[in-house]
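> I'd like to ask some things about the structure below.
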Amino acid sequence: MIKKAYAAMAALVCLLFASGSFADQPLPWQATLQPAATPIMREIRWFEQYTLWFIVPITLFVLVLLIVACFKFRASANPVPSKTSHNTLIEVIWTVGPVLVLLFLAVPSFNLLTAQLTLPENPDVTLKATATQWQWNYEYAGTGETPLTFDSFLLKDPDRAAAGKSDLATYPRLLAVDNEVVLPVNKTVRVLVTAAPTDVIHAFAMPSFGIKIDAVPGRLNETWFKTEREGLFYGQCSELCGKDHAFMPIAIRVVSEDKYKQWLTAAASDLPGAYKALMAATDGPAKTVDVAENVQ
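Numbering (mature numbering (1 follows the signal peptide of the UniProt record, and there is no 0)) for the sequence shown: -23 to -1, 1 to 273.
In structure tokens form, the structure reads like this:
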């Protein structure tokens, strides 16, 4: 029994601290923001924790005031109601206090907004993402006379084996796609986001990168990010866009610069083959066997 209890405790500890293994996708019962993969997301996570130092005390203070008011000033305890019309000290406090709180929140939030909205002058990669009901189309600008373009659809369960993506931990249901965006690590990426002219409004959101921007028909919005670590990151369309809105995921695979260049060169002539080779190089030996079997 003691051994079973230790085993159960060990399993619980592993479950609680397993977020680092698959930290680039949402986790069951996750209550916090996803781990940061970009400098902007690090600042967002810091700002979230910073605001809690104001939100929690203010919430508790208001709760205490409500409880005190309910019991101290109830009708049975005060048969003759007070006719107090004003209190100068209280009015000064509840005017100056919120102003100071808003000031402490405004300064770091403006700094964060400035960092988010200041676009890089010379990005290393420019990616155009076009949304339609219900998939994404990507175009790599500046990759030759004919830019590399491809569609990205939700990966359906019957297609997993053929794609070599049977591992649900790495390629989760409703988030995995047939063709991921591939980008180099530690490089500045400029993203142009729009929607098809006859379509509706969508939104390009990648939580680990700290970006979310609308894809509006006829309008070209832009954002940027710089990933600091390799991995397979997942996001979704975050603007209600129709019946299959929930089935419009975004997947970005961040790799080393050498692997990115190899994939980009191979993808120009053989996109499926380029993905197979990249998966064999990044997913590990177990996936390599999987890919080889599927190719045969």
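Cβ atoms here follow ideal geometry from the backbone N, Cα and C, with glycine treated the same way.
Could you give the DSSP three-state label for P149: helix, strand or coil?
As a first step, residue 149 is located in the sequence shown; it is residue number 172 there, counting from the start. It is coil, neither helix nor strand.
> Of the choices D260, N99, A138 and N88, whose alpha-carbon is the least far from that of I17?
Locating residue 17 in the sequence shown gives position 40, where the first residue counts as 1. Of the candidates D260, N99, A138 and N88, the one whose C-alpha sits nearest the C-alpha of I17 is N88.
> Using a 10 Å radius around the Cβ and a threshold of 16 neighbouring Cβ atoms, would you call I229 buried or exposed?
Here residue 229 refers to the residue found at position 252 when the sequence shown is read from its first residue. So I229 ends up on the buried side.
> Am I right that residue 327 and V158 are in contact with their C-beta atoms under 8 angstroms? What's the rounded C-beta distance?
A question about residue 327 goes unanswered here, because the residues of the chain that appear run from -23 up to 273.
> Assuming contact is defined by CB atoms lying nearer than 8 angstroms, are I188 and E216 in contact in what I supplied?
Start at 1 with the first residue of the sequence shown, and residue 188 comes out as number 211. Start at 1 with the first residue of the sequence shown, and residue 216 comes out as number 239. It is not a contact, given that the beta carbons lie outside the stated cut-off.
> Run through DSSP, which three-state label would F87 get?
The sequence position of residue 87 within the sequence shown is 110, counting from 1. Helix, per DSSP.
> Out of curiosity, what's the CA-to-CA distance linking A92 and V168?
What you label residue 92 is simply residue 115 of the sequence shown in a count that begins at 1. What you label residue 168 is simply residue 191 of the sequence shown in a count that begins at 1. Cα to Cα, the separation comes out at about 15 angstroms.
> Can you find the residues in the same chain that come closer than 7 angstroms, C-beta to C-beta, to V154, ignoring five residues on each side of it along the sequence?
Your numbering for residue 154 matches position 177 in the sequence shown. Closer than 7 angstroms at the Cβ level, and outside the excluded window around V154, lie S129, F130, L131, L132, P226 and A228.
> Of all the options I35, P174, A254 and Y252, which has the alpha carbon lying nearest to the alpha carbon of T109?
On the sequence shown, position 132 is the one that residue 109 refers to. Looking at the Cα atoms, P174 is the closest of the given residues.
> Roughly how many angstroms lie between the CA atoms of D136 and L96, to the nearest whole one?
Taking the first residue of the sequence shown as 1, we reach residue 136 at position 159. Taking the first residue of the sequence shown as 1, we reach residue 96 at position 119. If I take the Cα positions, the gap works out to 38 angstroms.
> So, L152 versus Q2, is the Cβ gap smaller than 8 angstroms?
By one-based count along the sequence shown, residue 152 stands at place 175. By one-based count along the sequence shown, residue 2 stands at place 25. Cβ distance < 8 angstroms, so L152 and Q2 count as in contact.
> Taking the straight line between their C-alpha atoms, what separation do you get for S143 and L248?
Taking the first residue of the sequence shown as position 1, residue 143 is located at position 166. Taking the first residue of the sequence shown as position 1, residue 248 is located at position 271. Straight-line Cα distance between these residues: approximately 20 angstroms.
> According to DSSP, F210 sits in a beta bridge with which residue or residues?
Here residue 210 refers to the residue found at position 233 when the sequence shown is read from its first residue. Residue pairing by DSSP places F210 opposite I229 in a beta bridge.
> Does the Cβ-Cβ distance between L10 and R22 come in under 8 angstroms?
Walking along the sequence shown from the start, residue 10 turns up at place 33. Walking along the sequence shown from the start, residue 22 turns up at place 45. Yes.
> Among Y115, P124 and N156, whose alpha-carbon lies nearest the alpha-carbon of F181?
Position 204 of the sequence shown, counted from the first residue, corresponds to residue 181. Selected option, being the one with the closest Cα: Y115.
> For F202, which residues from the same chain have a beta carbon less than 6 angstroms from its beta carbon, with the 5 sequence-adjacent residues on both sides left out?
For the purposes of this step, residue 202 is taken as residue 225 along the sequence shown, with counting starting at 1. Within the same chain, and ignoring the five residues on either side of F202 in sequence, the residues whose Cβ sits closer than 6 angstroms to its Cβ are T15, V166, F186 and I188.
> First and last residue of the alpha helix (DSSP H) that includes T259?
Residue numbering aside, residue 259 sits at position 282 when the sequence shown is read from its first letter. Here the alpha helix (DSSP H) through T259 covers L248 to T259.
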